[in-house]
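Using mature numbering (1 follows the signal peptide of the UniProt record, and there is no 0), the letters of the sequence shown correspond one by one to residues -22 to -1, 1 to 271.
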Amino acid sequence: MGPSQSLFFFLTLALFSLLCSSTDYTNLVFKGCADQNFQDSNGIYKQTLKNLLDTLISQSSSSKFHNATSGDGSSSAINGLFQCRGDLSNDDCNSCVKRTPGLAQKLCGQAIAARVQLNGCYLRYEISGFRQVSGTELLYKVCGSTRASGTGFGDRLDLALGEIVKGVGSGSSGFYAGAYESVYVLGQCEGDLSSGDCVNCVKNAIDKSKSVCGSSISAQIYLQECYISYTYYPSGVPSNQQSFSQPSGTGRNTQKTVALVLGGLVGVGLVMACLLFAKSAFKKKPHAYKYSG
């Protein structure tokens, strides 16, 4: 491959990576499934669950959070909710939530309780009376493999994480994202939490991040009712990261600019990039946990 061909290929691959990042919000992070299955010989639970999921999907086109109950009587009712990340548009929220029922069916089958967490949203449901875990229970964690070197990281991280606490406690949305002291941080609470409960949940998530991830320069901590993430950039948080709240993605404004500049390069290189991306994607395996119940 000659120099011009190499440049063509890598520019196209870079463009494709940027475009792909715009749909990162639909990637699976983890799933949780109850051990028990519906006893549903007459199909009542199946229809009840369908009605519930249809309601949640419908609401996701105009809201970032919604909880609902479907079914008659406490014995056959199913409770459920969805929540989208605070920086998603209504259209992206709807697209994200639409993907969760199929994944829940595929990953959890007929389980009486399930949670599907994507990068941009999550959906959960459970049969009425199902024993819930604590709101501050650690469900899932991702600790970056790179460790901080030198001094000052701990202080920078503490200051940045403190911004999440102040951010979720100062407004009604329970969502905060921003850059502080070379650390990009993001936090969100379940939509029906009070401001005080949200702050307490986030503080718990911060404490857990310190105990389980230590000096990792990045982490994602998911509790039952809130989550946080952070990434440390020794050279400073990139400007495109600050303009779009997505811990591991690229800013939408940057995507549009690069797409316009490099649009003429899309062609054979894009096809090759797609094949490479697809090959790597099929190798990824989602992690899982079991609900207690």
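Ideal placement from N, C-alpha and C gives every residue a C-beta, glycine not left out.
Just so it is clear, the structure is predicted and the values come from calculations on it, not from any experiment.
Start and end residues, beta strand (DSSP E) containing F43:
Residue numbering aside, residue 43 sits at position 65 when the sequence shown is read from its first letter. It spans F43 to S48 - the beta strand (DSSP E) in which F43 sits, taken as one unbroken run.
May I ask you to list the residues that DSSP assigns as paired with R109?
Taking the first residue of the sequence shown as 1, we reach residue 109 at position 131. DSSP output for R109 lists no bridge partner at all.
Residue from S36, N57 and I199 whose Cα sits closest to the Cα of Q110
Taking the first residue of the sequence shown as 1, we reach residue 110 at position 132. Cα-wise, what sits closest to Q110 is N57.
Is the CB-CB distance between L96 and L6 below 7 Å?
Within the sequence shown, residue 96 is the residue found at index 118, counting from 1. Within the sequence shown, residue 6 is the residue found at index 28, counting from 1. With respect to L6, L96 sits close: the two C-beta atoms are nearer than 7 Å.
Can you list, in chain order, the residues of its chain whose CB lies under 6 Å from that of T47, leaving out five sequence neighbours each side?
Position 69 of the sequence shown, counted from the start, is the residue given in the question as residue 47. So the qualifying residues of the chain are A55 and N57.
Whose C-beta lies closer than 6 Å to the C-beta of N45 among residues of the same chain, with five residues either side of it excluded?
One-based indexing of the sequence shown puts residue 45 at position 67. Contacts found: L59.
Look up A92 in the DSSP assignment and give the residues it is bridged to.
Locating residue 92 in the sequence shown gives position 114, counting from the first residue. BP columns for A92 point to C11 and Y103.
Contacting residues, own chain, Cβ-Cβ under 8 Å from D70 (five flanking each side not counted):
Translated into the one-based positions of the sequence shown, residue 70 becomes position 92. The answer, listed in chain order, is Y3, C62 and G98.
So, with DSSP's three-state summary, where would you put T78?
Here residue 78 refers to the residue found at position 100 of the sequence shown. Three-state DSSP puts T78 in a helix.
S194 (DSSP reduced to helix, strand or coil)
For this step, residue 194 is matched to residue 216 along the sequence shown. Strand, per DSSP.
Once you ignore the five residues that flank T140 on each side, which residues in its own chain have a CB closer than 7 Å to its CB?
Residue numbering aside, residue 140 sits at position 162 when the sequence shown is read from its first letter. According to the sequence as given, residue 140 is Gly; it is not Thr. For G140, same chain residues with a beta-carbon under 7 Å away, outside a window of 5 residues either side, do not exist.
Please identify the residue among Q166, K144, A126 and I90 whose C-alpha is closest to the C-alpha of T114.
Looking up residue 114 in the sequence shown gives position 136. Comparing alpha-carbon positions, the option among Q166, K144, A126 and I90 lying closest to T114 turns out to be Q166.
Rounded to whole angstroms, what's the CA-CA distance from L101 to C191? Just pull it up for me.
Taking the first residue of the sequence shown as 1, we reach residue 101 at position 123. Taking the first residue of the sequence shown as 1, we reach residue 191 at position 213. Their backbone Cα atoms lie some 26 Å apart in a straight line.
How about I195 and A126: are their beta carbons less than 7 Å apart?
Along the sequence shown, one-based indexing puts residue 195 at 217. Along the sequence shown, one-based indexing puts residue 126 at 148. Going by beta carbons, I195 and A126 fall inside the 7 Å limit.
Would you decide whether S38 is buried or exposed? Buried here means 16 or more other CB atoms lie within 10 Å of its CB.
Position 60 of the sequence shown holds residue 38. Buried, since its Cβ has 16 or more Cβ neighbours within 10 Å.
Compute the distance between the beta-carbons of residue 319 and A197, then report whether it is under 7 Å.
Since the first and last residues shown for the chain are -22 and 271, residue 319 lies out of range.
Opening and closing residue of the beta strand (DSSP E) in which S207 lies
Here residue 207 refers to the residue found at position 229 of the sequence shown. Residues C204 to Y210.
Could you name the residues of the same chain whose beta carbon sits closer than 8 Å to that of L116, not counting the 5 residues immediately before and after it, in chain order?
Taking the first residue of the sequence shown as position 1, residue 116 is located at position 138. Hits under 8 Å: K186, V190, I199, Y200 and L201.
Where in the stretch 106 to 156 do unbroken runs of the alpha helix (DSSP H), each at least 4 residues long, occur, reported from the N-terminal end onward?
Here the runs fully enclosed are 131 to 148.
Around the Cβ of I22, are there at least 16 other Cβ atoms within 10 angstroms (buried) or fewer (exposed)?
Indexing the sequence shown from 1 puts residue 22 at position 44. Around the Cβ of I22, a 10 Å sphere holds fewer than 16 other Cβ atoms; the residue is exposed.
Spatial neighbours of N15 within its chain, please: C-beta separation below 8 Å, excluding the five flanking residues on both sides.
The residue labelled residue 15 in the question sits at position 37 within the sequence shown. Cβ neighbours of N15 beyond the five flanking positions: G87, Q88, A89 and I90.
Here's a check: name, in chain order, each residue in its chain whose Cβ is nearer than 7 Å to the Cβ of N29, leaving out the five neighbours to either side.
Taking the sequence shown and counting its residues from 1, the one referred to as residue 29 is at position 51. Around N29: S48.
Taking 6 Å as the cut-off, is the C-beta of S106 nearer than that to any heavy atom in the ligand NAP?
No copy of the ligand NAP appears in this structure; indeed no ligand is present at all.
Those residues which DSSP pairs with Y200 across a bridge:
The residue labelled residue 200 in the question sits at position 222 within the sequence shown. Looking at the DSSP assignment, Y200 forms a beta bridge with Y118 and Y205.
Compute the distance between the beta-carbons of I35 and K76, then report whether it is under 7 Å.
Looking up residue 35 in the sequence shown gives position 57. Looking up residue 76 in the sequence shown gives position 98. Contact: yes.
Go ahead and label S73 buried or exposed: buried means 16 or more other beta carbons lie within 10 angstroms of its beta carbon, across all protein chains shown.
The residue you call residue 73 lines up with position 95 of the sequence shown. The residue in question, S73, is buried, as its Cβ has 16 or more Cβ neighbours within 10 Å.
If you draw a straight line from the C-alpha of Y162 to the C-alpha of I142, how long is it?
Counting from one through the sequence shown, the residue named residue 162 turns up at place 184. Counting from one through the sequence shown, the residue named residue 142 turns up at place 164. Just so you know, the alpha carbons of Y162 and I142 end up roughly 10 Å apart.
Out of G174, Y158 and V180, point me to the one whose CA is closest to D133's CA.
Your numbering for residue 133 matches position 155 in the sequence shown. Nearest option by C-alpha distance: Y158.
Between the Cα of F153 and those of V177, G130 and R93, spot the shortest distance and give me the residue it belongs to.
By one-based count along the sequence shown, residue 153 stands at place 175. The shortest C-alpha to C-alpha distance from F153 to any of V177, G130 and R93 is the one to V177.
Figure out for me which residue from G174, F131 and P79 has the closest Cα to the Cα of T33.
Mapped onto the sequence shown, residue 33 falls at position 55. Ranked by how close their Cα comes to the Cα of T33, the residues G174, F131 and P79 have P79 in first place.
Rounded separation between S148 and F108 - CA only:
The count along the sequence shown starts at 1 and reaches residue 148 at position 170. The count along the sequence shown starts at 1 and reaches residue 108 at position 130. Rounded to whole angstroms, S148 to F108 spans 33 Å at the Cα level.
Put V215 into one of helix, strand or coil per three-state DSSP.
As a position in the sequence shown, residue 215 is number 237, starting the count at 1. Looking at V215 - three-state DSSP - the assignment turns out to be coil, as it is neither helix nor strand.
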